[in-house]
Amino acid sequence: MAATAKKAKEEISNPDEDRSTICLPDRDAKIAEIAYRKAENRDFEPGHELEDWLEAEQEFLL
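With our numbering as the guide, the letters of the sequence shown map in order to residues 1 to 62.
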């Protein structure tokens, strides 16, 4: 049982783990914030929502 607990602890605290990943709700929230700023900068003119979102995704990924 001690070996199982030790292995579980190693998996949780693995220093080689990629910490640059971001969970999807956080990713979407950040993209939404960028898209909101784009809409705000053009005084929320309608009809550009998808464009704002797609541009925000690209900016987020850079």
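Each residue gets a CB set at the ideal place from its N, CA and C atoms; glycine is no exception.
It should be emphasised that the depicted structure is a prediction, and the values quoted were computed from it without experimental measurement.
For residue i, which three-state DSSP category applies?
| i | result |
| --- | --- |
| residue 45 | coil |
| residue 24 | helix |
| residue 54 | helix |
| residue 15 | Only weak support exists for where residue 15 lies, its pLDDT of 49 falling under 50; the value from the coordinates is given anyway. Residue 15 falls in the coil class under three-state DSSP. |
| residue 62 | coil |
For residue i versus residue j, is the C-beta distance shorter than 8 Å?
| i | j | result |
| --- | --- | --- |
| residue 56 | residue 29 | no |
| residue 53 | residue 31 | yes |
Let me confirm a value: residue i is counted as buried when at least 16 other C-beta atoms fall within 10 Å, else exposed. Which label applies?
| i | result |
| --- | --- |
| residue 43 | exposed |
| residue 26 | exposed |
Should residue i be flagged as near chain D, meaning a C-beta pair shorter than 8 Å?
| i | result |
| --- | --- |
| residue 25 | As a matter of chain content, chain D is missing from the structure shown, which is built from one protein chain. |
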